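The structure appears below as structure tokens.
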Amino acid sequence: MTNETFDYIIIGSGSSGSIVAFRLQEFFPNKKILLIESGSSDNKLTVTIPAGYGYLFYNDKVNWKYKTDKIDGLNGRQDYWPKGKILGGSSSINAMVYIRGQQNDYNNWKINNWSWKDVLPYFLKIENHYLGKSKYHNTEGYINISNIADEAHILTHKFIESCVNQGFKKNNDFNGESQEGAGLFQLNTNNGKRSSVSKEYLRKIKNKNFKILKKCHVSKIIIKDNIAIGIEYIRKSKKFIANANNEIILSAGSISSPQILQLSGIGDFDHLKKFNLDKNMHLASVGKNLQDHPNIALHYKSKIKSLNDDLRPLHNKIIFFLRWFFNKKGPLTLSINQAGAFIKSDKQISDPDLQIYFLPLTATSSGKVGNLSVSPDPFSGFTIAPSLCRPQSRGFVKINSANPIDYPSINPNYYDLEEDLNLMVKAYKISKKISETIPLRDFIDTKIGPHKNVDNDDEIKEFIKNYSKTTYHPVGTCSMGKDERDSVVDSDLKVHGIKNLRVADASIMPKIISGNTNSACMMIGEKCADLIRGRS
Ligand SMILES: Cc1cc2nc3c(=O)[nH]c(=O)nc-3n(C[C@H](O)[C@H](O)[C@H](O)COP(=O)(O)OP(=O)(O)OC[C@H]3O[C@@H](n4cnc5c(N)ncnc54)[C@H](O)[C@@H]3O)c2cc1C
-19 MTNETFDYII IGSGSSGSIV AFRLQEFFPN KKILLIESGS SDNKLTVTIP
31 AGYGYLFYND KVNWKYKTDK IDGLNGRQDY WPKGKILGGS SSINAMVYIR
81 GQQNDYNNWK INNWSWKDVL PYFLKIENHY LGKSKYHNTE GYINISNIAD
131 EAHILTHKFI ESCVNQGFKK NNDFNGESQE GAGLFQLNTN NGKRSSVSKE
181 YLRKIKNKNF KILKKCHVSK IIIKDNIAIG IEYIRKSKKF IANANNEIIL
231 SAGSISSPQI LQLSGIGDFD HLKKFNLDKN MHLASVGKNL QDHPNIALHY
281 KSKIKSLNDD LRPLHNKIIF FLRWFFNKKG PLTLSINQAG AFIKSDKQIS
331 DPDLQIYFLP LTATSSGKVG NLSVSPDPFS GFTIAPSLCR PQSRGFVKIN
381 SANPIDYPSI NPNYYDLEED LNLMVKAYKI SKKISETIPL RDFIDTKIGP
431 HKNVDNDDEI KEFIKNYSKT TYHPVGTCSM GKDERDSVVD SDLKVHGIKN
481 LRVADASIMP KIISGNTNSA CMMIGEKCAD LIRGRS
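Numbering (my numbering), first residue to last: -19 to 516.
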């Protein structure tokens, strides 16, 4: 084993970790900083081209490709969970929809210094927004936020009109004063290219004291007398050690961060004792509190051409690639998710509890759900996919062995609580109504897939259990809180009972936010860096 010593070590170059690393080298230019990442470079066209998303979805060169345990609420099905294993983490493979969540998401965390007013400055710090500078937006950040109005598919606009005709408001900015309503998604793209944390933050680093190690898998954090003093990692099957003088920041995401803590002897001792691991700190909540947004897809054949027709035939792929290459225009500049709606299932509640996605394409015959831009269906079609904003069911991530290469056991327990299933039934019915409303109604040829035979509530529930899947937003497995009995980190993101160790990524969210999680993870990265320099 060789030893190298740094002042700060950041584990994982994802949405949060890359920003923590960038800011620390900026705040402390003379400190030695290491960012260590399991995956490899993001220098790939499929990462740069937004519609390359489909090529990354099942690609094990850039993707952890997790599989959950059998989930009771999905009638015993396992779910496929992609996650970025690449520089930039999931921000390099995600669908680029930019949503901050609702103001009350942060207020309801009820954590000192993490209310909406506390986190807004960090959201502003991230963005270079096409709407210009305002109370809600900024133009000086590194992550570009684009308007897709000119490129969005005609069916996308019809979906929004149908939502409005159903009585929902039009919302031109889901990241403004209120999230409620229907509108176009804003995207993390920059002049037709993906705007990820690695491209927008890491590539700007010139500091000689900053080092990135790729293809290095952290196997554990070394703890001595309840102080984190270094990490052990594996490179090409050999073990290495890196020491940390000041702090270690664990940003390996909601699956790997609790796994690494458990492998380091931090977790529920009742579980850890099965694996003959060191026992450093009994924190029963490590890996618990897993939350995610389940969604259910309703597919339709359309009477007019959709993205299926743009992206499936080889000659179109070539034409659109050339258009992207020379002009950075056309359908390859967009995400497959183009519009959505945040809706209240009941008029009496204060904030939307449902998010509906609109995709002007279908991929029902590819055999691989989600592999959309590679194999859209050989007919025209679109998808409406409702999801729950704040599901109440909770799952877990637990190690299965002491081998750091083995995947942990993952179970989100979707629909464990009946209220989540009942809410999804409402979401299904609202989505169906939207599809039956003009103008979208007039563009539908037929319903396709299993929902065409669904009618009463029992059938809807079975359909939901048989076909729901992840929206790729796992959070909460190292959750923030005051009490070490039911949380993992404190409001400074410090692991309870261990010195010099913080967690900063999606796993620290006590409750899932209402919407796509990338933006909140970037905010967590910015805030963590300020906490470390004592400014937040
Ligand atoms: C397919 C997909 C689509 C999505 N679409 C959207 C979207 O449109 N909009 C949105 O807002 N959100 C989206 N998300 C979610 C969003 O991207 C994530 O919530 C966010 O990126 C998570 O950030 P993170 O910092 O917690 O972890 P990640 O970004 O996942 O980063 C963790 C990093 O740690 C590395 N790592 C893990 N284990 C180790 C180890 N042992 N040693 C070293 N390194 C390690 C990983 O390789 C990875 O690079 C999507 C996610 C996926 C997977």
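Note that beta-carbon positions come from the ideal geometry of N, C-alpha and C, so glycine has one too.
Given the structure is predicted, the values throughout are model-derived calculations rather than measurements.
Start-end ranges of the beta strand (DSSP E) lying completely within the region -13 to 40, minimum 3 residues:
Correct list: 13 to 16.
Spatial neighbours of S411 within its chain, please: CB distance less than 7 Å, with the 5 preceding and 5 following residues excluded, ordered by chain position.
Excluding residues up to 5 positions away in sequence, L278, I336, I364 and P366 lie with their Cβ nearer than 7 Å to the Cβ of S411 in the same chain.
By Cβ distance, which residues of its chain are closer than 6 Å to G53, with the 5 residues on each side in sequence left out?
Taken in chain order, the residues that qualify are Y394, Y395 and D396.
Should the region 471 to 491 be called in touch with the region 436 to 447, which here means at least 3 C-beta pairs below 8 Å?
As far as the Cβ criterion goes, the region 471 to 491 does not touch the region 436 to 447, which means the pair count is below three.
For L135 and N118, believed in contact at Cβ under 8 Å, the rounded distance
Taking C-beta atoms under 8 Å as the contact rule, N118 and L135 fail to qualify, at a distance of about 32 Å.
Please look up how many angstroms separate the CB atoms of N10 and A224, rounded, as I've assumed it's under 8 Å.
Rounded to whole angstroms, the Cβ separation of N10 and A224 is 16 Å, and the two are not in contact under 8 Å.
For S381, which residues in the same chain have their Cβ closer than 8 Å to its Cβ, ignoring the five residues on either side in sequence?
The answer, listed in chain order, is F255.
Cβ atoms of P356 and L291: under 8 Å apart, would you say?
Yes, these two residues count as a Cβ contact at 8 Å.
When every heavy atom of ligand 1 is checked, does at least one fall within less than 7 Å of the C-beta of G(-3)?
Relative to the non-hydrogen atoms of ligand 1, the Cβ of G(-3) comes within a distance shorter than 7 Å of at least one.
Report yes if the C-beta of D59 is less than 7 Å from at least one heavy atom of ligand 1; otherwise report no.
It does not: the Cβ of D59 is nowhere closer than 7 Å to a heavy atom of ligand 1.
So the candidates are P392, R174 and N155; which of them puts its Cα closest to the Cα of W61?
The shortest C-alpha separation from W61 is found at P392.
On the DSSP letters alone, give me the boundaries of the beta strand (DSSP E) that A407 sits inside.
Not the beta strand (DSSP E): A407 falls in the alpha helix (DSSP H), residues E398 to S415.
A1 versus I66 - alpha carbon distance:
So the alpha carbons of these two residues sit roughly 16 Å apart.
Can you give the Cα-Cα distance for H476 and L263, rounded to whole angstroms?
Straight-line spacing of the CA atoms in H476 and L263 works out to 8 Å.
Between S415, P419, L420 and I(-11), which has its C-alpha nearest H431's C-alpha?
Nearest C-alpha to H431: S415.
In or out: L15 buried (at least 16 other Cβ within 10 Å) or exposed?
When all chains shown are included, L15 counts as buried.
Going by CA-CA distance only, name the one from P238, I203, I235 and S234 that's closest to I221.
For the residues P238, I203, I235 and S234, the minimum Cα distance to I221 belongs to I203.
Where DSSP assigns a beta bridge to G505, which residues make up the other side?
DSSP lists no partner for G505.
Once DSSP output is grouped into helix, strand and coil, what is the label at W96?
Secondary structure of W96 (DSSP, three-state): helix.
Can you list, in chain order, the residues of its chain with a C-beta nearer than 7 Å to that of N269? Leave out the 5 residues immediately preceding and following it.
Cβ neighbours of N269 beyond the five flanking positions: R374, G456, T457 and S459.
Rounded to whole angstroms, what's the CA-CA distance from C501 to C508? Just pull it up for me.
Their backbone Cα atoms lie some 10 Å apart in a straight line.
I need the DSSP call for G375, collapsed to helix, strand or coil.
Three-state result, G375: strand.
N- and C-terminal bounds of the alpha helix (DSSP H) containing I299
It spans L294 to N307 - the alpha helix (DSSP H) in which I299 sits, taken as one unbroken run.
Pick helix, strand or coil for L352, following the three-state DSSP scheme.
Unreliable placement is indicated for L352, whose pLDDT of 45 sits below 50; the coordinate value is still reported in the next sentence. L352: coil per DSSP, three-state reduction.
Could you tell me whether the Cβ atoms of I323 and N145 are closer together than 8 Å?
Cβ atoms of I323 and N145: not closer than 8 Å.
Backbone CA spacing between G350 and Y35 [nearest angstrom]:
The predicted model places G350 with a pLDDT of 45, which falls under 50 and marks its position as unreliable, so this point remains unresolved.
Quick one: using the 10 Å Cβ neighbour count with 16 as the cut-off for buried, is S286 buried or exposed?
Buried, by the Cβ-count rule.
Rounded C-alpha distance that separates L352 from V266
Confidence in L352 is poor, its pLDDT being 45 and thus under 50, which makes the residue's placement too unreliable to answer from.
Option in N307, Y408, L368 and M261 with minimal Cα separation from R465
Selected option, being the one with the closest Cα: M261.
Whole-Å CB distance - I123 paired with N168, under 8 Å assumed:
Approximately 6 Å separates the beta-carbon atoms of I123 and N168; this is inside 8 Å, confirming the contact.
P490 classed as buried or exposed, judged by whether at least 16 other C-beta atoms fall within 10 angstroms:
The residue is buried, with at least 16 neighbouring Cβ atoms inside 10 Å.
In whole angstroms, what separates the C-alpha of Y33 from that of F423?
Near 26 Å, if we compare the C-alpha coordinates of F423 and Y33.
Note down, in chain order, each residue of its chain lying with its Cβ closer than 8 Å to the Cβ of E131, except the 5 sequence neighbours on either side.
If we look at E131 and ignore the five residues flanking it on each side, its Cβ neighbours are K309, G310, P311, T313 and L314.
Give the DSSP-derived three-state secondary structure of F190 in the structure shown.
Looking at F190 - three-state DSSP - the assignment turns out to be strand.
On the DSSP letters alone, give me the boundaries of the beta strand (DSSP E) that N391 sits inside.
The continuous beta strand (DSSP E) containing N391 extends over residues S389 to N391.
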